[in-house]
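Protein sequence lines, in the order shown, are assigned to chains A and B.
For reference, each letter of the first sequence is one residue, going 11 to 332 in this note's numbering.
For reference, each letter of the second sequence is one residue, going 8 to 338 in this note's numbering.
All residues carry an ideal CB built from backbone N, CA and C; glycine is no exception.
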Amino acid sequence: MMRQAATSPLLKVENLVVEYVVGNKVVHAVSDVSLEIARGETLGLVGESGCGKSTLGRAVLQLRPAESGRVLFDGEDLTAMRGEPLRKMRRRVQLIFQDPIASLNPRRRIGEIIAEPLVISGVKDAKERHDRVCKVLNAVGLDPALVVGRLPHEFSGGQCQRICIARALVLNPEFIICDEPVSALDVSIRAQILNLLEEMKARFGLTLLFIAHDLAVVKAVSDRVAVMYLGRLCEVASSEQLFARPAHPYTALLLEAIPLPDPDFKPAESVPVGEPPSPIAPPSGCRFRTRCPRADERCAREMPELRAIGPRQYAACHHPLT
Amino acid sequence: MSGPALLSVEGVAVDLPTARGNLRAVDQVDLHLAAGQTLGIVGESGCGKTMLSRAILQLLPKQANLSGRVMFDGQNLARCSAEALRKLRARSLAVVFQDPMTSLNPVLTIGTQLTETLQEHLELDAPAAKRRSAELLAAVGIPAPEQRLSQYPHQLSGGMRQRVAIAIALSCEPKLLIADEPTTALDVTIQAQILDLLAREQKRRHMAMMIITHDLGVVAGRTDEVAVMYAGRVVERAPTQALFKQMHMPYTEALLAAIPKLETAPHTPLPAISGRPPDPTRPLKGCSFSPRCRYAAGRCASEKPSLAPAETSTHHYACFHPIRLATGART
């Protein structure tokens, strides 16, 4: 397989559209999303529940069929692949989920759970499998001798997430999609897992798509951040830029809404911004306009395209803040 | 704290029998809350914060063993009959849970659930109860309240359901509202709206409120006093301003440090707390936090520090090596 030059993005999503049919209605989960992730980069993807961020993650892996658009991984179009070639390609991409306990089979021992990807990908030598399982367990900070023979229920949430990370790493992937990997964990454990992900990324040369709803968590690990609202990207910018000078009013709203652990910070009496509309009937024009303090009639008429606002900053807004 | 206590929790302990032996979920907790004041209870999962709220509400699991005293509005709740408790919880001691679906009945309309409460406890007639229900829904920020009355819980979003649960909790003008992780299941923009709503109603009604959360950010701007729990005990308690200005308990400091901050540059390693909380069925002899504490030394492993006041009588902490003001040096 020919590898592309190191400068080309590892992942390129072009005009991706994913829709669900519920009864006789269509849910517009992901609408015309394009983005790129460079090799070695972490792209954070943030948004509230139902904005389509998890669907986008799954559509990248072809776990959700796309209506239209392309997903290029290392230059090859995954949407055009089927069967064996797609399965081979998927070994290079792994997923880590929000609920670490639910994503481990409760009846299998940890050693078997982590070795399973190796079995499926045809590593026949049991000794080699065992060695590789031990290697990744050590890497995630668990003692293989104490872990391999035990069942998932014997571990805490944080330890189960370490096991999930070990399983994701065992095939030496290049790219990992982390879908809310720390949302179910306590604060003190969350910091451990975030540090571990950063460490693993450096050690194994990984590229990450980090999906989360918590902006501070996303900032801690991301080089660039994409903000999603009702199936569309509102803003894509470098982490520093996005948090220092958000361009899209939705990004600004998200930042304002975070409760800070500082009693001198009096939360601004939040703007009556209501709730997000249904993705079954998204608003015309800009999808955020029904909650946007800057919206005017142009926003209802004309859908804003993602355009450059500044260096490394793109926003889909007719009235950006910067 | 100012004024006489509306709620006094005195030496409360909760023991739960488990297959692994006795589990002490709450261990010798003392708390006081005056009318019109807000208290934040902060801690991670398993620290006993929810069990403490259940102990106050007298809603513990059947096999649980409660010791100590809970005084509310002049009454010892442990001595109240089941009927008296039911009346009390309906009128003056209200609660809002994390998942509104646990308190809303899925097969009854919002209107039925609200008017039922009002008719039963405030003895309003049907038209008056209906009118009051619509007013309550409007007060908690639900648009088109009249139409909402005929809807079922599943027809509402999570945020709207939590508003309904708050409306029901507030319907009989409670003296104390216990909000147990009221916004944990909600999105951040909705969370801000619900916290604002709770703060507004608390002030307007001069109601006492206890917010139970794992998020220091939730209590920082919205409480008068904070109690931090770890392994069943209150390990630090202080007026909110004083606590955030100077934490004395290493656990509180470490918990705050472990939260990712917006102002920190990307890829900065987080000061994580190593290890995890002790097994509650195997209590430690010394300070429960000592195995994870970077300041632990000497008697920390062999002796349990009690919650004692610092230089100001309102700031309490349970630590042999508290973090000090100004120099940051340790005693």
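Pairwise C-alpha distance: residue j and residue i
i        : j        : result
Ser131/A : His140/A : 15 Å
Leu204/B : Val147/B : 7 Å
Glu245/A : Gly54/A  : 12 Å
Leu183/B : Pro154/A : 50 Å
Ala178/A : Gln209/B : 47 Å
His38/A  : Asp306/A : 24 Å
Val146/A : Ala247/A : 33 Å
Leu314/B : Ala238/B : 14 Å
Ser113/A : Ala125/A : 15 Å
His274/B : Glu208/A : 7 Å
Glu46/A  : Leu20/A  : 8 Å
Val231/A : Thr52/A  : 7 Å
Gly50/A  : Arg172/A : 21 Å
Gln253/B : Pro316/B : 14 Å
Arg142/A : Val180/A : 7 Å
Asp181/B : Pro287/A : Here the sequence assigns Pro to residue 181/B, which means Asp is not the residue at that position. Cα to Cα, the separation comes out at about 33 Å.
Val33/B  : Pro24/B  : 13 Å
Leu277/B : Leu316/A : 33 Å
Gly118/B : Arg138/B : 10 Å
Val129/A : Glu122/A : 9 Å
Leu40/B  : Arg212/B : 16 Å
Ser110/B : Pro11/B  : 31 Å
Cross-chain neighbours of residue i in chain B, by beta carbon under 8 Å
i        : result
Lys137/A : Here the premise fails: no neighbours, minimum Cβ distance about 33 Å.
Glu285/A : Ser164, Gly166, Met167, Ile197
Asp109/A : The premise fails here: Asp109/A is roughly 14 Å from chain B at the closest Cβ pair, so nothing lies under 8 Å.
Ala267/A : Val195, Thr196, Gln198, Ala199
Leu264/A : Val195, Thr196
Chain-ordered chain A contacts of residue i [CB-CB under 9 Å]
i        : result
Phe251/B : Pro271, Asp272, Pro273, Asp274
Gln248/B : Pro273, Asp274
Thr271/B : Ala226, Lys229, Ala230
Ile280/B : Val197, Ser198, Ile199, Ala201, Gln202
Leu46/B  : Going along chain A, no residue has its Cβ under 9 Å from Leu46/B, so there is no contact; the nearest lies around 14 Å.
Cut-off 6 Å between Cβ atoms - residues of its own chain near residue i, not counting five sequence neighbours on either side
i        : result
Pro259/A : Cys302, Arg304
Leu82/A  : Lys22
Met11/A  : For Met11/A, the predicted model reports a pLDDT of 43, less than 50, meaning its position is unreliable; a value from the coordinates is still stated below. Hits under 6 Å: none found.
Ile187/A : Gly67, Leu105, Leu219
Arg234/A : Leu53, Ser248
Ala308/B : Gly293, Ser297
Lys35/A  : Ile290
Nonlocal neighbours in the same chain, by C-beta distance under 8 Å from residue i, ignoring five residues either side
i        : result
Gly305/B : Phe327
Ala318/A : Tyr324
Gly18/B  : Gln35, Val36, Asp37, Ser74, Gly75, Arg76
Gly224/B : Ile266
Thr338/B : Below a pLDDT of 50, predicted positions are generally treated as unreliable, and Thr338/B, at 41, falls in that range; no measurement from the model is reported.
Gln5/A   : Given a span of 11 to 332 for chain A in the structure shown, any question on residue 5/A remains unanswerable.
According to DSSP, residues forming a beta bridge with residue i
i        : result
His328/A : Beta-bridge pairing links His328/A to no other residue.
Arg317/A : Ala325/A
His223/A : Beta-bridge pairing links His223/A to no other residue.
Pro246/B : Glu232/B
Ala215/B : Leu183/B
Gly47/B  : Ile218/B, Val233/B
Gln251/A : DSSP, once it has assigned bridges, lists no residue as partnering Gln251/A.
Glu24/A  : Arg80/A
Interface residues of chain A facing residue i [CB-CB closer than 7 Å]
i        : result
Asp194/B : Glu58, Ser59, His223
Leu262/B : Val197, Ser198
Leu277/B : Ala201, Leu204, Asn205, Ala230
Leu314/B : Going along chain A, no residue has its Cβ under 7 Å from Leu314/B, so there is no contact; the nearest lies around 21 Å.
Nonlocal neighbours in the same chain, by C-beta distance under 7 Å from residue i, ignoring five residues either side
i        : result
Leu121/B : Ser140, Leu143, Ala174, Ile175, Ser178
Ala192/B : Gln105, Asp106, Gly165
Ala310/A : Ser294, Gly295, Arg299
Met167/B : Ile149
Ile268/A : Leu225, Ala226
Residues that residue i contacts on chain B, provided the C-beta gap is smaller than 9 Å
i        : result
Gly168/A : Arg283
Asp233/A : Pro273, His274
Amino acids of chain B, ordered along the chain, whose beta-carbon sits closer than 7 Å to that of residue i
i        : result
Ser249/A : Pro273
Phe253/A : Leu269
Leu156/A : None at all; the shortest Cβ gap to chain B is about 15 Å.
Chain A contact residues for residue i, given Cβ-Cβ distances below 8 Å
i        : result
Ala265/B : Val197, Ser198, Arg200, Ala201
Leu111/B : In chain order: nothing, as chain A lies at least about 18 Å away.
| Residues in the segment 217-232 of chain B having any Cβ partner in chain A nearer than 7 Å | His221, Asp222, Leu223, Gly224, Val225, Ala227, Gly228
| field | Contact residues within the segment 203-220 of chain A, judged by C-beta distance below 8 Å to chain B | value | Leu204, Asn205, Glu208
| query | Using Cβ-Cβ distances below 7 Å, what residues of the segment 51-65 of chain B are close to chain A? | reply | Glu51, Ser52
| request: Could you please tell me which residues of the segment 304-324 of chain A, in chain order, have their CB closer than 9 Å to any CB of chain B? | output: none
| Under 8 Å (Cβ pairs) to chain B, residues found in the segment 174-208 of chain A | Asp196, Val197, Ser198, Ile199, Arg200, Ala201, Gln202, Leu204, Asn205, Glu208
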